[in-house]
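Structure record follows, encoded as structure tokens.
Numbering (mature numbering (1 follows the signal peptide of the UniProt record, and there is no 0)), first residue to last: -22 to -1, 1 to 401.
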């Protein structure tokens, strides 16, 4: 029960603070009406409500988080692409055949190359079609994973779960004690990562047209989005545990608890890959925009930064405005992300670390502090005590998850050799 309770706790906290954050899209704080000034991104919202010092902290937190998420997506996509090849190979040569080994590095480079091209999409508002594709893919692989899990669970005779975790199963001794504590804390970081979208909530809200009121639309979207994803998370987690017990892999679709039907396993991982190709752009475009805006403001006469070249695209019947600075900068960003992913290809550990380090500041702290500032909540009143208690509780959880995830990374680094994979 602890897993579902933790998941629901993160969902409730995220939903509540996302409502507070949605109100911060417009300033001044008299009300969140359409008459107020738009804050086009998270940083502007913090600057309008909390001042320059907090804005600097927000920039560090948000962009570090977005950078980390794109690293996590690169790792995950490469693992899914490897899983496609392995599923086909295992079907032909038998399960766990040594000749089916495939390096993730090759697929990381391929994924990075695809993102280099997609990174030339001018701005965040033009990603609507990628978002739709990503959403369809997300639903598709989730349904496949749930279906495969139900099929596995109903077969019977599989690994059982234990109250204390993986300690003794099928005659084998598994790590227990303190190792289980680190694993539980890392799992909290993974759950936090699953609710990381608030880092872009203001940017997403800025793409909405008014009327109707963007705030009301965003709040409805928050309810629908969090409710839907939480239901899928619960189904995947509970059904996966019913199918595999304490042997549940970190990733149900790539951990090869499922081997057949191989084409369905491969298809699900293809959907994951396509989803992550689109999601990568959603999280990196705000970084691109911020750096490019800074460069344009600070170097107004630099021709490399300011000059655009018109490139005709007859097939699309449109014109693309190319910019040398954007081409070099965006390509360099993708290269750097891919390099980091290749250096630290630890799936669950990295996701846990990213989730743990970003959940409290971006999902809880800044929304609460902005709400207190906008609403002029007086100290030591019930509302103030509740909000600060919620923030403190989330901070403790985030720190605990960070320690657990960091410990897991250190454990992996003891035996890991960069750019080398064991068969």
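No residue lacks a Cβ here, since even glycine has one placed at the ideal position from N, Cα and C. Because the structure is a prediction, the values reported are computed rather than measured.
Quick one: residues in its chain with C-beta nearer than 6 Å to the C-beta of residue i, no 5 flanking neighbours on either side, listed in chain order?
{"i": "residue 406", "result": "In the structure as shown, the chain starts at -22 and stops at 401, and residue 406 therefore has no counterpart that could be examined."}
{"i": "residue 18", "result": "184"}
{"i": "residue -7", "result": "none"}
{"i": "residue 120", "result": "210"}
{"i": "residue -12", "result": "204 and 208"}
{"i": "residue 96", "result": "259"}
{"i": "residue 167", "result": "330, 333, 334, 379 and 383"}
{"i": "residue 273", "result": "283"}
{"i": "residue 277", "result": "283"}
{"i": "residue 7", "result": "Residue confidence is low: residue 7 scores 47 on pLDDT, short of 50, so the model does not pin down where it sits. No coordinate-derived value is stated."}
Regarding residue i and the ligand MN, is the C-beta to nearest heavy atom distance less than 7 Å?
{"i": "residue 321", "result": "With respect to small molecules bound, the structure shown includes none, and the ligand MN cannot be examined in it."}
Under three-state DSSP, which class holds residue i?
{"i": "residue 97", "result": "coil"}
{"i": "residue 5", "result": "strand"}
{"i": "residue 352", "result": "helix"}
{"i": "residue 15", "result": "strand"}
{"i": "residue 369", "result": "helix"}
{"i": "residue 345", "result": "helix"}
{"i": "residue 358", "result": "coil"}
{"i": "residue 401", "result": "Caution applies to residue 401, whose pLDDT of 47 falls short of 50 and renders its modelled position unreliable; the value that the coordinates give is listed next. Residue 401: coil per DSSP, three-state reduction."}
{"i": "residue 233", "result": "coil"}
{"i": "residue 412", "result": "The first residue shown for the chain is -22 and the last is 401, placing residue 412 beyond what the model contains."}
{"i": "residue 52", "result": "helix"}
{"i": "residue 25", "result": "helix"}
{"i": "residue 80", "result": "coil"}
{"i": "residue 324", "result": "coil"}
{"i": "residue 395", "result": "coil"}
{"i": "residue -19", "result": "helix"}
{"i": "residue 382", "result": "helix"}
{"i": "residue 58", "result": "helix"}
{"i": "residue 39", "result": "helix"}
Where residue i and residue j are concerned, what is the direct C-alpha to C-alpha distance, given to the nearest angstrom?
{"i": "residue 174", "j": "residue 228", "result": "19 Å"}
{"i": "residue 32", "j": "residue 283", "result": "29 Å"}
{"i": "residue 316", "j": "residue 98", "result": "17 Å"}
{"i": "residue 124", "j": "residue 217", "result": "7 Å"}
{"i": "residue 390", "j": "residue 371", "result": "29 Å"}
{"i": "residue 320", "j": "residue -20", "result": "30 Å"}
{"i": "residue 53", "j": "residue 356", "result": "45 Å"}
{"i": "residue 251", "j": "residue 359", "result": "48 Å"}
{"i": "residue 322", "j": "residue 59", "result": "18 Å"}
{"i": "residue 243", "j": "residue -2", "result": "38 Å"}
{"i": "residue 149", "j": "residue 127", "result": "The predicted position of residue 149 is uncertain, since its pLDDT is 41 and thus under 50; a value taken from the coordinates is nonetheless stated next. Approximately 25 Å between the Cα atoms of the pair."}
{"i": "residue 23", "j": "residue 87", "result": "36 Å"}
{"i": "residue 110", "j": "residue 156", "result": "43 Å"}
{"i": "residue 350", "j": "residue 334", "result": "24 Å"}
{"i": "residue 275", "j": "residue 301", "result": "16 Å"}
{"i": "residue 221", "j": "residue 212", "result": "14 Å"}
{"i": "residue 180", "j": "residue 270", "result": "19 Å"}
{"i": "residue 71", "j": "residue 85", "result": "22 Å"}
{"i": "residue -4", "j": "residue 392", "result": "43 Å"}
{"i": "residue 279", "j": "residue 307", "result": "18 Å"}
{"i": "residue 387", "j": "residue 326", "result": "9 Å"}
{"i": "residue 196", "j": "residue 206", "result": "15 Å"}
{"i": "residue 226", "j": "residue 130", "result": "12 Å"}
{"i": "residue 191", "j": "residue 15", "result": "13 Å"}
{"i": "residue 162", "j": "residue 336", "result": "18 Å"}
{"i": "residue 348", "j": "residue 28", "result": "6 Å"}
{"i": "residue 394", "j": "residue 34", "result": "35 Å"}
{"i": "residue 165", "j": "residue 313", "result": "29 Å"}
{"i": "residue 158", "j": "residue 223", "result": "15 Å"}
Which whole-angstrom value is the C-beta distance of residue i and residue j, which I expect to be below 8 Å?
{"i": "residue 380", "j": "residue 47", "result": "Going by Cβ atoms, the distance from residue 380 to residue 47 rounds to 16 Å, so no, they are not a contact pair."}
{"i": "residue 232", "j": "residue 57", "result": "5 Å"}
{"i": "residue 55", "j": "residue 169", "result": "About 21 Å; that fails the 8 Å criterion."}
{"i": "residue 171", "j": "residue 332", "result": "6 Å"}
{"i": "residue 297", "j": "residue 291", "result": "7 Å"}
{"i": "residue 311", "j": "residue 265", "result": "7 Å"}
{"i": "residue 94", "j": "residue 309", "result": "5 Å"}
{"i": "residue 254", "j": "residue 68", "result": "No, residue 254 and residue 68 are not in contact; Cβ-Cβ is about 23 Å, not under 8 Å."}
Please list, in chain order, all residues of the same chain as residue i whose beta carbon is under 7 Å from its beta carbon, the five residues on each side excluded.
{"i": "residue -9", "result": "173, 176, 204 and 341"}
{"i": "residue 37", "result": "21"}
{"i": "residue 369", "result": "342, 343 and 346"}
{"i": "residue 338", "result": "372, 373 and 376"}
With a CB to CB cut of under 8 Å and the five nearest residues on each side skipped, what residues in its chain are close to residue i?
{"i": "residue 246", "result": "118, 119, 122, 123, 126 and 231"}
{"i": "residue 299", "result": "100, 286, 287, 288 and 289"}
{"i": "residue 193", "result": "-1, 1, 3, 4, 10 and 183"}
{"i": "residue 105", "result": "99, 256, 259, 260 and 263"}
{"i": "residue 66", "result": "240 and 244"}
{"i": "residue 201", "result": "-8"}
Taking 8 Å as the threshold (beta carbon to beta carbon), is residue i in contact with chain B?
{"i": "residue 367", "result": "No chain B appears in the structure shown, which is made up of a single protein chain."}
What alpha helix (DSSP H) runs, 4 residues minimum, are completely inside the stretch 237 to 322? Runs of the alpha helix (DSSP H) inside the stretch 237 to 322: 240 to 276, 281 to 284 and 302 to 321.
Whole alpha helix (DSSP H) runs in the stretch 175 to 224 with 4 or more residues, listed along the chain? Scanning the stretch 175 to 224 for uninterrupted alpha helix (DSSP H) segments of 4 residues or longer gives 179 to 183 and 192 to 222, listed from N- to C-terminal end.
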